[in-house]
Amino acid sequence: MSILKKLFTAVKGGVNEVGEGIVDANAIRIFEQEIRDAQGALSDAKGSLTEVMAKEIQTTRAIKALDEDITKHESYAAQALDKDEEALALEIAEKIAQFEQEKLEQQQVLNTFSSSVSKLKEQIKQAEKTIVENQRQLSMVKTTESVQKATMAVNDTMTSGNSAMTSAKQSLERIKQRQLDRQDQLDAAQQLADESNDNSLNDKMRAAGIGEEATKGADVLARIRAKQNK
Amino acid sequence: MELNELSIKLSQYETEGASFESFFINNVGQEVLQVIVDGNDELPIFVTRTEEQILCICYLFTEHEISVEKQADLNASLLRLNVPMPLSAFAKIDDKYAIFGALSTNSTLEQLGHEIVTLSANAIDALEAISDYLTE
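Quick look at the structure:
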């Protein structure tokens, strides 16, 4: 049974007492062992693959060399025939037959290597699939486990704090209020900033003699003098 | 990144106009980071780490806060909302409804920060969206 199906059955049945392992520790160990085995098989197969592929290349090269030898000797044989050297031509032909025999043998070896390569590649693919699959399943088990533990830790914190006491509705109201407060603060800060901008403008205007002018001592004195003169 | 390291980094980190407070909890042999975004301590985000992923979970409400006859309807709606909701998904842990996001263990601080900020915003939006289903 897949882990997800086991988990599904478990949560459907309402297994939520923490500590009651949905998937027993044994299953986790088996998964981990399977992953390790598959990883071992994978690295072995990869090692063999490089070896066999190297041999495959070597054999291909040997066959190519034989082909060249055959072509070369065929032209030698033709030349011998042209020169009516029957005996030499026969000797060369025998050499060619030897090369061809050798080529046939090498071809068989190459076929074995090629089929090994494809078999190893298949094995590697299989091992990789097993590893990924088991890791996925294992991760589900482990996540379930750590979420259970985390929930336990969280429950401890929540019951010792006051967040456990409030309902979701109250929480929402408090958060909305806080957001509103923050907006009000921002608005107020903005207003203050605007006002101080106004002040600095007034200062500048005053300095330039525009708008309300600051009362100066000389003006006051002039006013008093004007009153006395009346 | 280890969780205790993340805790220190997060508390000095600001992103997308949000600030973080974070508390490292390790009382049951499972490390958990409690992260509070922008002072919203009603909806803390709990960050845990497994070999494969980093899980960020935010608990929304308990089953008992939903009236029984509305629950099936709510469940169906939450399933429908799962796909359009950015980065997060709805979940149920024991009797608690939750919203969560999962990240690769290779995630950067920026990616985690973005995840947590998004999760926090999604959690508030989700609570607001389903508030009609909640009992007082």
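One line per chain: the protein sequences are A and B, in this order. Each number in the working numbering comes from the position in the first sequence (counting from 1) with 6 added on. Each number in the working numbering comes from the position in the second sequence (counting from 1) with 315 added on. Just so you know, even glycine gets a beta-carbon here, dropped at the ideal spot from N, CA and C.
At a cut-off of 8 Å between C-beta atoms, M59 of chain A does not count as an interface residue with respect to chain B. As a beta-bridge residue in DSSP terms, K407 of chain B pairs with B:Y412. Around the Cβ of R364 of chain B, a 10 Å sphere holds 16 or more other Cβ atoms; the residue is buried. For L358 of chain B, the C-beta contacts it makes with chain A under 8 Å involve S177 and I181, in order along the chain.
At a cut-off of 8 Å between beta-carbon atoms, S145 of chain A makes contact with chain B.
For T66 of chain A, the enclosing alpha helix (DSSP H) begins and ends at A31 to D88. When the beta-carbon positions are compared, I69 of chain A and Q113 of chain A come within less than 8 Å of each other. With contacts defined as CB atoms closer than 8 Å, Y374 of chain B and A413 of chain B qualify as a contacting pair. In this structure, A:K127 is the residue among A:V160, A:I181, A:D209 and A:K127 with its C-alpha nearest to the C-alpha of L55 of chain A. The straight-line gap separating the alpha-carbon atoms of S326 of chain B and N421 of chain B is approximately 20 Å.
Proximity of the segment 177-192 of chain A to the segment 348-357 of chain B meets the contact definition, three or more beta-carbon pairs being nearer than 8 Å. Secondary structure of I130 of chain A (DSSP, three-state): helix. In the structure shown, the three-state DSSP call for L402 of chain B is coil. The three-state reading of DSSP puts L449 of chain B in strand, counting E and B together. Contact annotation: L72 of chain A and K109 of chain A have beta-carbon atoms nearer than 8 Å. In chain order, E62, T65, T66 and I69 place their CB closer than 8 Å to the CB of L116 of chain A, counting only its own chain and leaving out the 5 sequence neighbours on each side. Looking at B:F335, B:M400 and B:K411, the one whose alpha-carbon comes closest to that of I323 of chain B is B:F335. Per DSSP, I381 of chain B lies in no beta strand (DSSP E) and is assigned neither H nor E. Contact between I130 of chain A and Q45 of chain A does not hold, since their C-beta atoms are separated by about 12 Å, which reaches or exceeds 8 Å. What K155 of chain A touches in chain B, judged by beta-carbon distance under 9 Å, is V343, G344, Q345, V347 and T363, going in chain order. By the criterion of a C-beta distance shorter than 6 Å, K407 of chain B is surrounded by no residue of its chain, once the five residues flanking it on both sides are discounted. I230 of chain A and A213 of chain A have their C-alpha atoms roughly 25 Å apart. Listed along chain A, the residues sitting closer than 8 Å to E366 of chain B by beta-carbon distance are S145 and K148.
Looking at A:V147, A:K155, A:S177 and A:R142, the one whose alpha-carbon comes closest to that of N341 of chain B is A:K155. Less than 8 Å separates the beta-carbon of I41 of chain A from that of L144 of chain A.
Listed by position along chain A, the residues whose Cβ is nearer than 8 Å to that of I408 of chain B are V153 and T157.
Using a Cβ distance threshold of 8 Å, I431 of chain B and V352 of chain B count as a contacting pair.
One thing to note: V58 of chain A has its Cβ within 8 Å of the Cβ of V123 of chain A.
Around the CB of K89 of chain A, fewer than 16 other CB atoms lie within 10 Å, so the residue is classed as exposed. In summary, H379 of chain B is exposed, with fewer than 16 beta-carbon neighbours lying within 10 Å of its beta-carbon over all protein chains present. Between the C-alpha atoms of L318 of chain B and T149 of chain A there is a straight-line separation of about 16 Å. I36 of chain A counts as exposed, since fewer than 16 other C-beta atoms from the protein chains shown sit within 10 angstroms of its C-beta. Judged by their CB atoms, S392 of chain B and L434 of chain B are not nearer to each other than the 8 Å cut-off.
For F335 of chain B, not one C-beta of chain A is nearer than 8 Å to its own C-beta. Secondary structure at Q107 of chain A: helix, using DSSP grouped into helix, strand and coil. Counting only residues of its own chain and dropping the five nearest sequence neighbours on each side, A174 of chain A has no CB closer than 6 Å to any other CB.
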